[in-house]
Amino acid sequence: MHIVFKKILGDPQARTVKRLRKRVALVNALSDKYKAMSDKELREQTDVLKKRLKKESLDVILPDAFAVVREAATRTLSQRHFDVQLIGGMVLHEGNVGEMKTGEGKTLVATLPVYLNALTEKGVHVVTVNDYLAQRDAGWMGQVYNFLGLQAGVIIGDHSYIYDPDFTNTDHEDERFRHLKPATRQEAYAADVTYGTNNEYGFDYLRDNMVREEDQLRQRDLHYAIVDEVDSILIDEARTPLIISAPSVTSGTAYAQFSKVVRQLVKEKHFETDEKRKTVILTDAGVEKVQKILGIDNLYGSENIRTIYHLQQALRAHALFTRDKDYVVTHDGEVVIVDEFTGRLLAGRRYNEGLHQAIEAKEGVEVQQESMTLATISFQNYFRLYEKLGGMTGTALTEAEEFHQIYKLDVVDVPANRGLARNDRPDRIYRTEKAKFKAIAREVQALHTKGQPVLLGTVSIEKNEALGSLLTKAGIPHQVLNAKNNEREAKIVAQAGEKGAVTLATNIAGRGTDIVLGEGIKELGGLFVLGSERHESRRIDNQLRGRAGRQGDPGVTQFFVSTDDDLMRIFGGDKIANIMNRLNVDDDTPIENRLISRSLEGAQKKVEGFHFDQRKSVVQYDDVMNRHRKAIYAMRREILRSGDISKRIKILIEDEAHALATSALVTSEQFEDILKEIFPFDDATLDRLFDSDATKFEKVLKTAAAGLYAGREEAFTSEIMRKVERDLYLQVLDNLWMQHLENMDHLREGIHWMSVGQQDPLVEYRRRGQMLFEDMQTTLRHDVLLHLFHAQPISQEEFDRAIETDLTLAARSSVDNASQITTAETEFGAGDFDDKKVVAQAKKKQQSSLKKARKTERKRKTAAKRRKK
Numbered sequence: 001m002h003i004v005f006k007k008i009l010g011d012p013q014a015r016t017v018k019r020l021r022k023r024v025a026l027v028n029a030l031s032d033k034y035k036a037m038s039d040k041e042l043r044e045q046t047d048v049l050k051k052r053l054k055k056e057s058l059d060v061i062l063p064d065a066f067a068v069v070r071e072a073a074t075r076t077l078s079q080r081h082f083d084v085q086l087i088g089g090m091v092l093h094e095g096n097v098g099e100m101k102t103g104e105g106k107t108l109v110a111t112l113p114v115y116l117n118a119l120t121e122k123g124v125h126v127v128t129v130n131d132y133l134a135q136r137d138a139g140w141m142g143q144v145y146n147f148l149g150l151q152a153g154v155i156i157g158d159h160s161y162i163y164d165p166d167f168t169n170t171d172h173e174d175e176r177f178r179h180l181k182p183a184t185r186q187e188a189y190a191a192d193v194t195y196g197t198n199n200e201y202g203f204d205y206l207r208d209n210m211v212r213e214e215d216q217l218r219q220r221d222l223h224y225a226i227v228d229e230v231d232s233i234l235i236d237e238a239r240t241p242l243i244i245s246a247p248s249v250t251s252g253t254a255y256a257q258f259s260k261v262v263r264q265l266v267k268e269k270h271f272e273t274d275e276k277r278k279t280v281i282l283t284d285a286g287v288e289k290v291q292k293i294l295g296i297d298n299l300y301g302s303e304n305i306r307t308i309y310h311l312q313q314a315l316r317a318h319a320l321f322t323r324d325k326d327y328v329v330t331h332d333g334e335v336v337i338v339d340e341f342t343g344r345l346l347a348g349r350r351y352n353e354g355l356h357q358a359i360e361a362k363e364g365v366e367v368q369q370e371s372m373t374l375a376t377i378s379f380q381n382y383f384r385l386y387e388k389l390g391g392m393t394g395t396a397l398t399e400a401e402e403f404h405q406i407y408k409l410d411v412v413d414v415p416a417n418r419g420l421a422r423n424d425r426p427d428r429i430y431r432t433e434k435a436k437f438k439a440i441a442r443e444v445q446a447l448h449t450k451g452q453p454v455l456l457g458t459v460s461i462e463k464n465e466a467l468g469s470l471l472t473k474a475g476i477p478h479q480v481l482n483a484k485n486n487e488r489e490a491k492i493v494a495q496a497g498e499k500g501a502v503t504l505a506t507n508i509a510g511r512g513t514d515i516v517l518g519e520g521i522k523e524l525g526g527l528f529v530l531g532s533e534r535h536e537s538r539r540i541d542n543q544l545r546g547r548a549g550r551q552g553d554p555g556v557t558q559f560f561v562s563t564d565d566d567l568m569r570i571f572g573g574d575k576i577a578n579i580m581n582r583l584n585v586d587d588d589t590p591i592e593n594r595l596i597s598r599s600l601e602g603a604q605k606k607v608e609g610f611h612f613d614q615r616k617s618v619v620q621y622d623d624v625m626n627r628h629r630k631a632i633y634a635m636r637r638e639i640l641r642s643g644d645i646s647k648r649i650k651i652l653i654e655d656e657a658h659a660l661a662t663s664a665l666v667t668s669e670q671f672e673d674i675l676k677e678i679f680p681f682d683d684a685t686l687d688r689l690f691d692s693d694a695t696k697f698e699k700v701l702k703t704a705a706a707g708l709y710a711g712r713e714e715a716f717t718s719e720i721m722r723k724v725e726r727d728l729y730l731q732v733l734d735n736l737w738m739q740h741l742e743n744m745d746h747l748r749e750g751i752h753w754m755s756v757g758q759q760d761p762l763v764e765y766r767r768r769g770q771m772l773f774e775d776m777q778t779t780l781r782h783d784v785l786l787h788l789f790h791a792q793p794i795s796q797e798e799f800d801r802a803i804e805t806d807l808t809l810a811a812r813s814s815v816d817n818a819s820q821i822t823t824a825e826t827e828f829g830a831g832d833f834d835d836k837k838v839v840a841q842a843k844k845k846q847q848s849s850l851k852k853a854r855k856t857e858r859k860r861k862t863a864a865k866r867r868k869k
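For the sequence shown, this note's numbering gives the first residue as 1, with consecutive numbering after it.
This is the structure:
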């Protein structure tokens, strides 16, 4: 049916490319015009195009902008954009994903839409997967931008730089790194184009929404981003949350205790695992065993909620997470997560919900404190904040549906400049992993003897090291690249195309670094990429294949698989094993069978679909929190950038007065205390308020509250009052937001266990989440006014001192102040008891008692009067 529609309607990919080729012709027609210009004249075109933008759109000036960049790249880099690279640049500018094969020059392609969109002076972000690529590309392409009068910046970890040709760092041999001048974070972001990693952009966004002064902001508004290796960042890492946290006070001893409990349980007898879904559950025998160990009668009793929590995490740590596959333990005893897709160490990241602590207890290292979340966002939600988003990768078409559904990005297959000369051989299938490993060693030995370079891909550190040991025993020299030594990644990968080179790498390590073939390698057949196992995702397999055959070079790829491999074993291994039994082959004899290959591809499609559903579910739940985050961060940014929020405060006062006046508590005897908690009225005001008619009560209350606010401003002075209001608001907002994050986490963790009848858990999560959000807003109004009306006035000198030391003006509660006053009045020295003081004290005490009595009587009468009305 799909083929029939294609014939009728035409291939949408072909239609898109055909449309863009017409625009390429416009760019080509301008080439001679800009080629004839001097360097000065060409540089001046940036100002010319910026002036045109005031009357014309980016799409209109695109041909000229692309032609200018193409000529600038020719002069600075001696690289001229191919026509297909112009198509790639147009795809990115239109806010889509361009699939461009390995070696097609994605780094150079990005300069086209970057320059065009940088003309708006709103800033462009180029997102890379690691710090090395961010620095390399900024220093490399910075030459083009600098030639055209634009500035390039780069952010990595704790450092940031701007490209400056007049600055030279002699510590770097690579010319692409030598002109990166140290700069502040703000300077790097203020550049026309900024290069950096997805992690740094995301964390800086969160940090910006925690600052107390506008001049501490790092990022500008999120205008346009181009994401390199977009599938890795927006698909593979989509579920990864970025979290800024602080240590919690929870003890780590419970994790060690439950780790010991779980060690006494036997798989299948006491618990069962589901590797597809990464879950583990206790059997009935397991429940009895745990109850006996802990000396409790009912494991699932309400009093054992924390017990179940710790037990579940300990079970997951022991049964589902494997050392040197899912994580590594460093020499100094730190548990570090391994990226399942790239094999890289994710330093600084920790599993949440206590899982990381459970793994630390399992490994016998120091259990770190649990953390309290201060700010968090997922990559999915961060990158959807940009006004426009584009991406490029060598493998995106298999995930086209997800890119469209989640990010509203269409995937366009950008034609290659040269045809693909790579030979993708059919899989070799073995009965056992042991036989497969032996066959791999023999194949690598033969290729090494021949001189043909080999890139041997593995799916985990564990398999990487096992194959490395096998190659060492066979006397085959090789380089090992995995999460434990990825600081040498680029250098190792760059040399992988030399004669006789054997490189052992986890998954797609080295993406973004070209493997250039050495002299005479093309005649030997090019790079041989040997996959030691099929990954769960076809896309990851395609990425490994893509390391060979760059820019029309020859190359060979082949996967060696066995029925012991995780993919085969978990998703249909029995069926494939039965086929091999019927074929009656021994362990060392490989087969190449179409039925098995189709079964493998079917298993991969199942896993991809399963993971897509999971990511889609995560987005649906995250979108609830994302709406809250957008609202709070927008409010916070508005307050941060405003020197005067008195109008906002007045609205809070009106809303709080209305809420109090219409509250059911208005007829209770405690209402006066509730009222005074927010608005500390004097007795005369309270008498006037409670003597008023019920229909006018709200109006009188609002007038009295407004007068109280005016009195506070007079006591503080307007200048200090504005500062106090702003700082108090931000302080209260940040504290409540932190609590809201924790509340939403607890809600999400328990939503599937709650009894919600026939309702969809997602619907219930949205409903309850909205209630929590509304409660937070009510508390925000209450707490801001509470602190504002009870804050103690300070002098101009104290205010100036607070500004100088960058301290936040803290509001002190009325209760604390009252206790200090009482202490000062009642503590006397030995010589203080003269008659006058005793008399004065007695009078004060008498007045206080009379005042208290009048207040009690007024409360009684007022409540009675309002009940009657």
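Glycine included, each C-beta is placed from N, C-alpha and C at the ideal position.
{"Asked": "How long is the line joining the alpha carbons of aspartate 622 and lysine 522, rounded to whole angstroms?", "Found": "49 angstroms"}
{"Asked": "Within 8 angstroms, do at least three Cβ pairs link the segment 668-678 to the segment 727-741?", "Found": "no"}
{"Asked": "Could you pull the start and end residues of the alpha helix (DSSP H) that glutamine 369 belongs to?", "Found": "Per DSSP, glutamine 369 belongs to no alpha helix (DSSP H) and is neither H nor E."}
{"Asked": "Is it buried or exposed for glutamine 540, if we count other Cβ within 10 angstroms and need 16 for buried?", "Found": "One point to set straight first is that residue 540 is isoleucine, not glutamine, in the sequence displayed. Classification of isoleucine 540: buried, given that the 10 Å Cβ count is 16 or more."}
{"Asked": "Identify whether threonine 662 lies in helix, strand or coil by the three-state DSSP scheme.", "Found": "coil"}
{"Asked": "Which word fits arginine 263, buried or exposed, when buried means at least 16 other C-beta atoms lie within 10 angstroms of its C-beta?", "Found": "exposed"}
{"Asked": "What does the alpha-carbon distance come out to for the pair lysine 40 and histidine 223?", "Found": "29 angstroms"}
{"Asked": "Determine the direct distance from the alpha carbon of proline 477 to that of lysine 22, and round the result to whole angstroms.", "Found": "51 angstroms"}
{"Asked": "Any idea what DSSP makes of serine 232, helix, strand or coil?", "Found": "helix"}
{"Asked": "Taking only three categories from DSSP, how would you classify glutamate 387?", "Found": "coil"}
{"Asked": "What does DSSP give as the partner residue(s) for asparagine 423 in the beta ladder?", "Found": "Val556"}
{"Asked": "In chain order, what are the residue ranges of uninterrupted alpha helix (DSSP H) at least 4 long that sit wholly in the segment 420-464?", "Found": "433-450"}
{"Asked": "If you run the structure through DSSP and keep just helix, strand and coil, what is glutamine 479?", "Found": "strand"}
{"Asked": "If we ignore side chains and look at the alpha-carbon of each, how far apart do valine 290 and valine 261 end up?", "Found": "7 angstroms"}
{"Asked": "Please list the terminal residues of the continuous alpha helix (DSSP H) segment that includes isoleucine 61.", "Found": "58-77"}
{"Asked": "Report the partner residues of arginine 323 according to the DSSP bridge assignment.", "Found": "Tyr327"}
{"Asked": "Within the continuous alpha helix (DSSP H) that includes phenylalanine 403, where are the two ends?", "Found": "400-407"}
{"Asked": "Along the chain, where does the beta strand (DSSP E) containing tyrosine 161 start, and where does it finish?", "Found": "159-163"}
{"Asked": "Going straight from the alpha carbon of leucine 524 to that of glycine 451, what length do you get?", "Found": "7 angstroms"}
{"Asked": "Please report the straight-line C-alpha distance between glutamine 13 and leucine 397, rounded to a whole angstrom.", "Found": "11 angstroms"}
{"Asked": "Tell me which residues share the same chain as valine 144 and place their Cβ nearer than 6 angstroms to its Cβ, disregarding the 5 neighbours each side in the sequence.", "Found": "Ala72, Ala73, Thr76, Thr111"}
{"Asked": "May I ask you to report which of helix, strand or coil DSSP gives glutamate 601?", "Found": "helix"}
{"Asked": "If you measure between the beta carbons of leucine 741 and leucine 780, is that distance less than 8 angstroms?", "Found": "no"}
{"Asked": "How about serine 371 and serine 245: are their beta carbons less than 8 angstroms apart?", "Found": "yes"}
{"Asked": "How many angstroms separate the CA atom of glutamine 79 from the CA atom of glycine 552?", "Found": "18 angstroms"}
{"Asked": "Counting C-beta neighbours from all protein chains within 10 Å, is the total for lysine 18 16 or more, i.e. buried, or is it exposed?", "Found": "exposed"}
{"Asked": "Are the CB atoms of methionine 210 and alanine 439 within a distance shorter than 8 angstroms?", "Found": "no"}
{"Asked": "Mark asparagine 298 as exposed unless 16 or more other C-beta atoms lie within 10 angstroms of its C-beta, in which case mark it buried.", "Found": "exposed"}
{"Asked": "Using DSSP bridges, identify the partner residues of threonine 240.", "Found": "Answer by DSSP bridge pairing: none, since threonine 240 is not bridged."}
{"Asked": "With DSSP run on the structure shown, which of helix, strand or coil describes leucine 282?", "Found": "strand"}
{"Asked": "Counting C-beta neighbours from all protein chains within 10 Å, is the total for serine 663 16 or more, i.e. buried, or is it exposed?", "Found": "exposed"}
{"Asked": "Which word fits aspartate 613, buried or exposed, when buried means at least 16 other C-beta atoms lie within 10 angstroms of its C-beta?", "Found": "exposed"}
{"Asked": "Out of Ala657, Leu640, Lys702, point me to the one whose CA is closest to glutamate 214's CA.", "Found": "Leu640"}
{"Asked": "Decide if threonine 253 is buried, meaning its Cβ has at least 16 other Cβ atoms within 10 Å, or exposed.", "Found": "exposed"}
{"Asked": "Please name the residue in Phe697, Val459, Tyr195 whose C-alpha comes closest to that of aspartate 326.", "Found": "Val459"}
{"Asked": "Tell me, to the nearest whole angstrom, how far the beta carbon of valine 561 is from that of lysine 434; I am working on the premise that it is less than 8 angstroms.", "Found": "Going by Cβ atoms, the distance from valine 561 to lysine 434 rounds to 13 angstroms, so no, they are not a contact pair."}
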